[in-house]
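Trainee: Under the numbering used here, residue 953 is the last one in the sequence shown; the count climbs by one each step, no gaps.
Where is the CB? At the ideal position from N, CA and C, for every residue including glycine.
Note that the coordinates shown come from a computational prediction; the quantities given were computed from them, not determined experimentally.
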Amino acid sequence: MKKFLILSLSILMVSLAFSQIRETGVVQGNVYDTSGTPLPGVSVTLAGPKLIGGPRTTVTDANGFYRFPSVPVGSDYTVTAELQGFVTVKKEQITVHANATAVVDFSLETAKLAEEVTVVATPPVVDPKTSAPAANVVVTTELLRNIPNNQFMTNIITLAPGTVPSGEFLGGADDGANAYQVDGVDVSDPEGGTPWVFMDYQVIQEAQVLGVGLPAEYGAFTGGILNTVTKSGGNVIETYNEFLYQDKEWISDNLGKFREDELYNPNPSLIKDIKGYYKSKFGLFDLNLHLGGPFIKDKLWFFAGAQFYRSQNFPSGFHDPTGRGVRYNQPRGFFKLTYQLNENNRFQGFLEHDQYCGVNRRASYNVAQEATVTQISPEWVFNFNFTHIFSPKTFLDLKVGGYWGYYYLEPESGRDAIAYYDEYGYNTGNSPYWYMANRFRTQVNAHLSHYADNFIKGSHDFKFGVEIEKDWNQSLYGYTGGGDPKTGLPKFAWIYTYGGEPYLAYQWEGYDQHVSLSRYTLFAQDSWSVSKRLTINAGVRYDIFRGAIVDTMEPFSSLFPKSEKYWLEPAPGKPKELGTVYKPTGLAPRIGFTFDLFGDRKTVLKAHYGHYYEAIFAATIMQMDPRYKDYHIYYWTGSKWVLDATNPYSENKFRMDPDIKHPYMEEITAGIEREIFKNASIGITFIQRNYKNMIGPVTTGTFVAKTGTDPLTGQTFTAWNQIDYGDELYIITNPKAGKWTVTIDGVPYNLQTLLDKDPYRKYQAVEILFNKRFSNKWQLLFAYLYTKTKSNADTSWGVNTGATSMYQDFNYQIFSDGVPTIDPTHQIKIQGSWILPRFGILPFDLQLNAYYFYQTGNTYTRLVRTPYLYQGRKWIFAEPRGSRRVDNYNNLDIRLETQVPLYKGKLGLMLDVFNVFNYAGVRGRYARTGSNFEKITGVDRGRTIRLGIRYSF
């Protein structure tokens with residue numbers, strides 16, 4: 001007789017442990033009899049729609065333990081336990097997440113009659129194994145499709161607690177400190193860590209936003225990790241197709257509460273309608289088609305996707321005869337194969353091509369259409385993965401991935417036309433610059449996992465890994481202008497006019513930076529289950545970082561033939577390459593534990609300590625490249641141009657400290673998680689981060705005090721005049737407080753800053769997270785975060801890794817200690833879905849999805865202008881960093897959707913409303929002291945409507 005039994009959450013134990021391949025998980029557990037005695041020899045079978053090769057079967061060992069490694073991400077898995085003389089038990093609806101271990105235990109009864117028990121599994125929401133707190137968020141396909149957002153892949157990270165809408169800032173880090181991964185391979189920009197790859201949002205099966213309490217296999221970040229797992233097809237044909245549309249006029253006016261004189265007018269002679277200038281006009285067209293299924297069932301699967309994404313922005317005051325506005329066309333294509341060679345070997349790989357091409361970039365009220373630039377940025381992304389299963393307890397994962405691409409900004413009027421700026425800042429004739437960025441990034445990973453039961457007291461989940469990263473980074477920049485031999489105007493110069501007549505010309509041939517980067521990593525980690533209640537997670541990671549200034553950059557050079565004709569030569573007598581100039585290493589320990597307070601896996605204490613080293617970036621060393629040309633200023637005599645001055649940013653200004661240390665973040669976390677009812681948990685976590693070994697170029701210049709007067713308060717202040725301006729060098733090092741000496745090739749360089757502490761950033765946070773998984777027609781994620789950040793360096797890009805001018809002039813260090821720009825003191829994020837009752841009226845389900853966000857506003861600091869200095873007048877802090885704040889964020893987005901049956905699938909109709917309350921929060925204020933001080937420079941976009949339709953089967 002067959003019985004079907006629905007049991008509660010306590011029957012199935014599912015836990016998450018970060019010890020697997022980053023896009024697969026593990027199903028494991030123990031089988032006991034009703035007295036708790038382990039049962040060896042039990043046949044355990046795993047089946048599911050995402051399991052290529054058909055069901056897998058294993059047998060429990062002498063301790064009743066079984067394990068299925070390398071299980072693809074997916075839901076609706078079934079595990080069946082069978083042993084002669086006992087009732088067969090089948091557990092269904094098991095979900096496997098990336099990097100997760102689903103622990104499925106069985107208790108078998110002695111069989112009196114032939115019978116089978118089927119259990120609908122409801123996984124617990126508290127993880128008793130990993131030291132990582134609940135702040136690490138898994139964003140499932142259902143959330144990705146239903147929560148209203150801009151559906152741009154890299155912005156998924158902003159859905160997680162702790163991130164902010166003004167950039168992908170997480171945990172007190174700057175916006176270049178995150179790692180953006182696709183199927184476990186980093187695809188960030190090697191120049192500075194910002195996003196580079198923008199794939200189709202709908203090819204994502206699952207996304208993880210990880211940031212705290214991670215094991216040793218994770219590194220090369222100090223902020224967070226966005227790891228996206230791509231879809232893989234299955235044994236049946238499935239399709240998902242979606243169309244989203246937003247008209248530029250579907251944005252409400254929310255500026256009514258502001259007086260015109262409250263809004264900063266950057267150019268009254270050109271901007272007559274100041275409210276029109278601040279009103280947004282933004283349009284969107286997004287069409288995507290996806291199909292997956294089998295070429296050969298249980299042997300060869302495919303998944304393919306195509307997307308055309310177009311965004312348009314229409315800046316107020318921009319005269320555009322074409323009517324296109326700032327338009328970006330983004331076609332994308334994706335193709336993935338999964339091949340099960342045999343029972344123990346699997347291969348999968350994908351190729352992706354996309355383009356991010358735009359016209360009228362730079363468009364503004366003060367830029368003529370002919371002075372815009374056209375963006376051209378195609379790329380190819382690749383990822384190939386081979387998995388070999390030696391046994392249910394041991395498997396090897398090999399991975400090769402990366403991308404090739406470039407990002408060019410070409411002037412609308414070509415490179416020879418001359419650019420002009422008038423006294424009002426209006427740019428005509430041409431863009432003053434062009435830019436070319438070439439990138440080739442590769443990564444090879446080899447990870448070996450082994451599970452050892454009853455070894456040195458308890459069980460051990462070991463993982464060992466080797467990672468090799470190789471990046472080629474080239475950036476070229478220069479001024480436009482073909483020159484005029486008749487008047488002595490040199491090439492690569494733009495002209496500043498006054499009263500319609502030439503006045504000054506600025507000439508710069510630009511720079512050409514050739515950087516080769518390498519990272520070599522070894523790691524070992526162990527998740528040691530000392531007992532059923534105590535788990536110790538320990539590991540260590542060793543990184544070797546290498547950065548070189550090279551010449552031809554083979555094989556990089558042959559991949560970008562269009563840029564070779566613009567390559568620059570160094571000054572006579574200077575080398576074309578400097579070799580390896582950056583050579584630090586990093587040893588990162590990780591230690592944590594979890595303790596199941598009552599032994600029921602419902603209340604768990606967690607703690608973690610670890611070091612996390614930053615990724616290696618070209619921005620740290622690229623200014624050392626000798627292909628960095630002098631900057632010149634010419635003045636107009638009425639008949640010809642005459643050289644006036646040479647800017648100190650010339651060739652050979654930068655040196656590397658041979659003892660430089662790589663930046664890292666030290667982290668401590670502690671918390672408790674509790675299951676409060678079925679499918680719901682609450683957790684409280686304390687997080688502390690200290691950012692250390694920041695990098696920056698420090699000047700060798702000599703400064704003397706010079707007094708100025710603050711026009712707002714009438715009080716005097718001290719500025720710093722560089723008396724040897726133009727003769728200084730910049731030493732790339734770990735800046736310190738006060739004075740110190742760096743010796744390079746036997747030559748001592750005396751360095752100094754005004755800081756009273758070495759550069760630092762300290763971040764503390766307490767997070768309360770409530771998570772109710774989808775059941776009974778609703779789901780909810782509620783997060784409250786209280787943070788406190790103190791720093792004498794801001795959270796802007798490059799502050800940690802050397803792309804900063806803060807240490808090149810004493811004036812940039814005045815009042816530096818305080819609160820950085822990004823400090824979300826109070827933050828609330830609520831995401832939820834609810835299938836509304838039909839009330840006996842509606843013929844179909846209506847689903848409400850909502851995303852609410854509240855956060856304390858960003859900081860800003862009043863600036864005052866110095867008196868005349870040899871290095872030019874500067875705007876400096878007139879008060880401690882972060883003394884003021886803009887308005888708090890307060891935003892609600894909703895989506896209403898209904899789905900109706902159509903043919904073999906479902907047709908969905910969607911209405912999205914962003915900023916439901918039409919809130920007009922001030923996002924920026926003019927910080928310079930003067931008549932415009934505190935005037936508004938940015939406001940939230942008004943209420944926005946978006947429509948969508950989708951079809952799937």
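(1) Return helix, strand or coil for LEU270, following the three-state DSSP convention.
(2) What residue range does the beta strand (DSSP E) around ASN445 cover?
(3) For the alpha helix (DSSP H) containing THR158, list its first residue and its last residue.
(4) Leaving out the 5 sequence neighbours to the left and right, which residues in its chain are closer than 8 Å to ASP845 when beta-carbon positions are compared?
(5) When the Cα of ASP354 is compared with those of ALA371, THR222, PHE198, which residue comes out closest?
(6) Between the Cα of PHE953 and those of TYR903, TYR919, ASP298, ARG946, spot the shortest distance and give me the residue it belongs to.
(7) Per DSSP, LEU611 forms a beta bridge with which residues?
(8) Nearest to LYS576 by CA position, among GLU564, PHE560, ASP551, SER558, is which residue?
(9) What number of angstroms, rounded off, separates the C-alpha of ARG674 from the C-alpha of THR118?
(10) In chain order, what residues of the same chain lie with their CB nearer than 6 Å to the CB of LEU170, ignoring the 5 residues before and after it?
(11) Give the secondary structure of THR487 by DSSP, where H, G and I count as helix, E and B as strand, and everything else as coil.
(12) Give the C-beta separation of GLY458 and VAL540 to the nearest angstrom, bearing in mind that I take them to be a contact with Cβ-Cβ under 8 Å.
(13) Looking at the structure shown, is LEU559 part of a helix, part of a strand, or coil, going by DSSP?
(14) Which word fits ARG689, buried or exposed, when buried means at least 16 other C-beta atoms lie within 10 angstroms of its C-beta?
(15) Please classify PHE334: is it buried, with 16 or more other beta-carbons within 10 angstroms of its beta-carbon, or exposed?
(16) If I follow the unbroken alpha helix (DSSP H) through THR552, where does it start and stop?
(17) What number of angstroms, rounded off, separates the C-alpha of SER377 from the C-alpha of ALA437?
(18) In the DSSP assignment, find the unbroken beta strand (DSSP E) run with ARG655 in it and report its ends.
(19) Rounding to the nearest angstrom, what Cα-Cα distance links PHE440 and VAL466 in this structure?
(20) Quick check: THR866 and ASN811, are their CB atoms within less than 8 Å of each other?
(21) Following the continuous alpha helix (DSSP H) through ARG145, name the residue where it begins and the one where it ends.
(22) From GLY958 to ILE732, what distance separates their C-alpha atoms?
(23) Would you tell me roughly how many angstroms separate the C-alpha atoms of ALA17 and ASN342, rounded to the nearest one?
(24) Counting beta carbon pairs with one atom in the segment 83-96 and one in the segment 363-377, are three or more of them shorter than 8 Å?
(25) For TRP720, write down the residues that DSSP places opposite it in a beta bridge.
(26) Could you check which residue in TYR365, ARG56, TRP472 has the C-alpha nearest to that of ASP298?
(27) Which two residues bound the contiguous beta strand (DSSP E) that contains ASN150?
(28) Report back the beta-carbon spacing between GLU142 and VAL73 to the nearest angstrom; my notes put them in contact at under 8 Å.
(29) With DSSP run on the structure shown, which of helix, strand or coil describes VAL126?
(30) Please list, in chain order, all residues of the same chain as LEU863 whose beta carbon is under 7 Å from its beta carbon, the five residues on each side excluded.
(31) If you drop the 5 nearest sequence neighbours on each side, which residues of the same chain put their C-beta closer than 8 Å to that of LEU270?
(32) Roughly how many whole angstroms lie between the Cα atoms of GLN20 and TRP472?
(33) According to the Cβ coordinates, are ILE157 and ASN136 closer than 8 Å?
(34) How many angstroms separate the CA atom of PHE68 from the CA atom of LYS606?
(35) State the beta-bridge partners of GLU191 as determined by DSSP.
(36) To which residues does DSSP link ASN30 through a beta bridge?
Mentor: Taking the structure as given:
(1) The count along the sequence shown starts at 1 and reaches residue 270 at position 270. The answer is coil: DSSP assigns LEU270 none of H, G, I, E or B.
(2) Reading the sequence shown from its first residue, position 445 is the one you call residue 445. ASN445 -> beta strand (DSSP E) spans 433-452.
(3) Along the sequence shown, read from residue 1 onward, the residue named residue 158 stands at position 158. THR158 -> no alpha helix (DSSP H), and no H or E assigned at all.
(4) Against the sequence shown, residue 845 aligns to sequence position 845. Correct list, in chain order: ILE835, LEU836, ARG838, THR898, GLN899.
(5) Walking along the sequence shown from the start, residue 354 turns up at place 354. Per the Cα distances, PHE198.
(6) Taking the first residue of the sequence shown as position 1, residue 953 is located at position 953. Of the candidates TYR903, TYR919, ASP298, ARG946, the one whose C-alpha sits nearest the C-alpha of PHE953 is TYR903.
(7) For the purposes of this step, residue 611 is identified with residue 611 of the sequence shown, where counting begins at 1. For clarity, residue 611 is His in the given sequence; the question names Leu instead. The partner list for HIS611 (beta bridge, DSSP) reads GLU666.
(8) Against the sequence shown, residue 576 aligns to sequence position 576. When only C-alpha atoms are compared, the closest one is ASP551.
(9) On the sequence shown, residue 674 is found 674 positions in, with the first residue counted as 1. On the sequence shown, residue 118 is found 118 positions in, with the first residue counted as 1. Taking the straight line joining both Cα atoms gives about 28 Å.
(10) The count along the sequence shown starts at 1 and reaches residue 170 at position 170. Cβ neighbours of LEU170 beyond the five flanking positions: GLY162, THR163, GLY211, GLY223, GLY224.
(11) Reading the sequence shown from its first residue, position 487 is the one you call residue 487. Coil at THR487, not helix or strand.
(12) If you number the sequence shown from 1, residue 458 lands on position 458. If you number the sequence shown from 1, residue 540 lands on position 540. Incorrect: roughly 20 Å between the Cβ atoms, too far for contact.
(13) Along the sequence shown, read from residue 1 onward, the residue named residue 559 stands at position 559. LEU559 falls in the helix class under three-state DSSP.
(14) The residue you call residue 689 lines up with position 689 of the sequence shown. It counts as buried.
(15) Position 334 of the sequence shown holds residue 334. That one is buried.
(16) Counted from its first residue, the sequence shown places residue 552 at position 552. First-last for THR552: undefined, no H or E at that position.
(17) Counted from its first residue, the sequence shown places residue 377 at position 377. Counted from its first residue, the sequence shown places residue 437 at position 437. So the two alpha carbons sit approximately 9 Å from each other.
(18) By 1-based counting over the sequence shown, the position of residue 655 is 655. Element bounds for ARG655: 654-656.
(19) Working through the sequence shown from its first residue, we reach residue 440 at position 440. Working through the sequence shown from its first residue, we reach residue 466 at position 466. Cα to Cα, PHE440 sits roughly 21 Å from VAL466.
(20) Counted from its first residue, the sequence shown places residue 866 at position 866. Counted from its first residue, the sequence shown places residue 811 at position 811. Less than 8 Å divides the Cβ of THR866 from the Cβ of ASN811.
(21) Against the sequence shown, residue 145 aligns to sequence position 145. That run of the alpha helix (DSSP H) goes 141-146.
(22) No statement about residue 958 is possible, as the shown extent of the chain runs from 1 to 953 and does not include it.
(23) Reading the sequence shown from its first residue, position 17 is the one you call residue 17. Reading the sequence shown from its first residue, position 342 is the one you call residue 342. For ALA17, the pLDDT reaches just 35, beneath the cut-off of 50, and the residue's location in the model is therefore unreliable, although a value from the coordinates is still provided. Computed Cα separation, rounded: 27 Å.
(24) no
(25) If you number the sequence shown from 1, residue 720 lands on position 720. TRP720 pairs with ALA705.
(26) Counting from one through the sequence shown, the residue named residue 298 turns up at place 298. Among TYR365, ARG56, TRP472, the Cα nearest to that of ASP298 belongs to ARG56.
(27) To locate residue 150, count along the sequence shown from 1; it is residue 150. Note, ASN150: premise wrong, no beta strand (DSSP E); not H, not E.
(28) Translated into positions along the sequence shown, residue 142 becomes position 142. Translated into positions along the sequence shown, residue 73 becomes position 73. With a Cβ gap of about 13 Å, GLU142 and VAL73 do not count as contacting.
(29) In the sequence shown, the residue the question calls residue 126 occupies position 126. Residue state, collapsed to three classes: coil.
(30) To locate residue 863, count along the sequence shown from 1; it is residue 863. Contacts found: TRP875, ILE876, PHE877, ALA878, ALA927, ARG928, THR929.
(31) Stepping through the sequence shown from its first residue, residue 270 is reached at position 270. Within the same chain, LEU270 has close Cβ partners GLY317, TYR365, ASN366, TYR424, TYR426.
(32) Against the sequence shown, residue 20 aligns to sequence position 20. Against the sequence shown, residue 472 aligns to sequence position 472. Here the model assigns GLN20 a pLDDT of 43, short of 50, so the residue's position is not dependable and the matter cannot be decided.
(33) Mapped onto the sequence shown, residue 157 falls at position 157. Mapped onto the sequence shown, residue 136 falls at position 136. It is not a contact, given that the beta carbons lie outside the stated cut-off.
(34) As a working note, residue 68 is residue 68 in the sequence shown. As a working note, residue 606 is residue 606 in the sequence shown. Distance between the alpha carbons of PHE68 and LYS606: 26 Å.
(35) Here residue 191 refers to the residue found at position 191 of the sequence shown. Paired residue(s): none; GLU191 is not in a bridge.
(36) Stepping through the sequence shown from its first residue, residue 30 is reached at position 30. ASN30 is bridged to PHE65.
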